[in-house]
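Undergrad: Counting from 58, one number per residue, gives the positions in the sequence shown under the working numbering.
Glycine residues also receive a C-beta, built at the ideal position from the N, C-alpha and C atoms.
Can you read through this structure? Questions will come right after.
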Amino acid sequence: MSRTALLLGGTGLVGSHCLDQLVTDNRYSRITVLTRRPFPGFDESEGRLDVRVVDFDRLAEQWDFKATDVYCCLGTTMNSSREEFRRVDHDYPVEAARLAHGAGAQRLAIVSAVGANARSRISLLRVKGETERDVAALGYGSVEIFQPGTLLGDRTKRRSGQGIANAVGPVAAHVMAGPLRRFRPVGSEVVARAMIAALQLDNPGVHTHTNKEILALAATT
């Protein structure tokens with residue numbers, strides 16, 4: 058059976074790499090990208106790619122999308138208000154995942170954060186953990202959760218400290234051993250490769266991947 062992909066967050070650091078890789082992956086007959094605004098670099102009418110501009114606050118009203126595989130790379134920054142952060146990092150992903158599953162999606166891969174925990178006292182980690190919990194409860198046959206350390210790469214919208222992370226990250230990775238290994242910086246392209254590889258395995262259940270598993274999965278592609 059031919060697979061189809063639904064990508065959320067295709068303009069972000071990991072999402073843009075997912076998009077680059079999905080449009081050249083012959084295992085997918087169609088790739089639908091949901092975005093809040095048009096973005097350059099792809100012909101929306103070309104080949105298997107379908108770019109849809111949607112209002113995520115009214116997603117259920119606009120939903121007419123079907124896919125077998127969902128890739129969720131939505132996220133904002135802690136520079137946003139707490140309300141906006143929760144809306145983009147929890148409400149939008151959970152609602153989109155719910156609607157996609159209702160339309161027949163079977164597998165889901167989502168980018169979270171290392172240390173995510175619904176009981177964390179740290180707001181970012183608590184919201185990410187709640188997103189993991191709520192997505193896992195939707196009934197997907199396979200859920201792959203990715204908890205990378207600091208993401209390396211060039212962002213469309215620069216985040217504070219990103220340039221420093223890109224410069225220092227590869228050096229820091231060599232001194233972060235043992236329990237600290239899961240906090241090592243990792244390339245955004247590597248995370249995207251790992252997400253796609255994980256869904257191809259079609260492993261039933263909910264699986265969480267930190268840096269070690271992310272690197273291993275990416276190496277299989």
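Using three-state DSSP, classify Arg190 as helix, strand or coil.
TA: By one-based count along the sequence shown, residue 190 stands at place 133. Note: Arg190 maps to helix in three-state DSSP.
Undergrad: Nearest to Thr265 by CA position, among Gly244, Val247, Phe203, Val248, is which residue?
TA: Locating residue 265 in the sequence shown gives position 208, counting from the first residue. That would be Phe203, whose Cα lies nearest to the Cα of Thr265.
Undergrad: On the three-state DSSP scale, how would you describe Ala224?
TA: Here residue 224 refers to the residue found at position 167 of the sequence shown. Unreliable positioning characterises Ala224 in this predicted model, as indicated by a pLDDT of 40, which lies under 50. A coordinate reading is not provided.
Undergrad: Short of 6 angstroms in beta carbon distance, which residues of its chain neighbour Ser59, apart from the five on each side in sequence? Order them along the chain.
TA: By 1-based counting over the sequence shown, the position of residue 59 is 2. Excluding sequence positions up to five before and after Ser59, its CB lies within less than 6 angstroms of the CB of Ser86, all in the same chain and listed in chain order.
Undergrad: Specify, as a first and last residue, the run of the alpha helix (DSSP H) that Val151 falls within.
TA: The residue given as residue 151 occupies position 94 in the sequence shown. Counting along the chain, Val151 sits inside the alpha helix (DSSP H) bounded by residues 149-159.
Undergrad: DSSP three-state call for Val145: helix, strand or coil?
TA: In the sequence shown, counting from the first residue as 1, residue 145 sits at position 88. Val145 falls in the helix class under three-state DSSP.
Undergrad: Rounding to the nearest angstrom, what Cα-Cα distance links Thr89 and Ala254 in this structure?
TA: Here residue 89 corresponds to residue number 32 of the sequence shown, with the count starting at 1. Here residue 254 corresponds to residue number 197 of the sequence shown, with the count starting at 1. Just so you know, the alpha carbons of Thr89 and Ala254 end up roughly 18 angstroms apart.
Undergrad: Ends of the beta strand (DSSP E) at Gly72?
TA: Counting from one through the sequence shown, the residue named residue 72 turns up at place 15. Here Gly72 belongs to no beta strand (DSSP E); instead the alpha helix (DSSP H) covers 70-79.
Undergrad: Considering only the beta carbon of each residue, do Val71 and Val248 sit closer than 8 angstroms?
TA: In the sequence shown, residue 71 corresponds to position 14, counting from 1. In the sequence shown, residue 248 corresponds to position 191, counting from 1. With respect to Val248, Val71 sits close: the two C-beta atoms are nearer than 8 angstroms.
Undergrad: Give the C-beta separation of Leu116 and Leu156 to the nearest angstrom, bearing in mind that I take them to be a contact with Cβ-Cβ under 8 angstroms.
TA: As a position in the sequence shown, residue 116 is number 59, starting the count at 1. As a position in the sequence shown, residue 156 is number 99, starting the count at 1. Leu156 and Leu116 do touch by the CB rule: their CB atoms are close to 6 angstroms apart, below 8 angstroms.
Undergrad: By how many angstroms is the C-alpha of Ser138 removed from the C-alpha of Leu76?
TA: One-based indexing of the sequence shown puts residue 76 at position 19. One-based indexing of the sequence shown puts residue 138 at position 81. Near 28 angstroms, if we compare the C-alpha coordinates of Ser138 and Leu76.
Undergrad: Is it the case that the Cβ atoms of Ala166 and Glu189 are separated by a distance below 8 angstroms?
TA: For the purposes of this step, residue 166 is identified with residue 109 of the sequence shown, where counting begins at 1. For the purposes of this step, residue 189 is identified with residue 132 of the sequence shown, where counting begins at 1. In this structure, Ala166 sits away from Glu189, with a CB-CB distance that is not shorter than 8 angstroms.
Undergrad: Please report the Cβ distance between Ala162 and Ala193, rounded to the nearest whole angstrom; I am assuming they are in contact, meaning their Cβ atoms lie under 8 angstroms.
TA: Within the sequence shown, residue 162 is the residue found at index 105, counting from 1. Within the sequence shown, residue 193 is the residue found at index 136, counting from 1. Incorrect: roughly 14 angstroms between the Cβ atoms, too far for contact.
Undergrad: Taking only beta-carbon atoms, is Asn174 less than 8 angstroms away from chain B?
TA: The structure shown has no chain B; it contains just one protein chain.
Undergrad: Let's test the definition: count the other Cβ atoms within 10 Å of the Cβ of Ala251 and tell me whether it reaches 16, buried, or not, exposed.
TA: The residue given as residue 251 occupies position 194 in the sequence shown. The residue is buried, with at least 16 neighbouring Cβ atoms inside 10 Å.
Undergrad: Rounded to the nearest angstrom, what separates Ala62 and Tyr197 at their Cα positions?
TA: Within the sequence shown, residue 62 is the residue found at index 5, counting from 1. Within the sequence shown, residue 197 is the residue found at index 140, counting from 1. Those two C-alpha atoms are separated by around 15 angstroms.
Undergrad: Any idea what DSSP makes of Leu209, helix, strand or coil?
TA: For the purposes of this step, residue 209 is taken as the residue at position 152 of the sequence shown. In the structure shown, Leu209 sits in a strand (DSSP, three-state: E or B).
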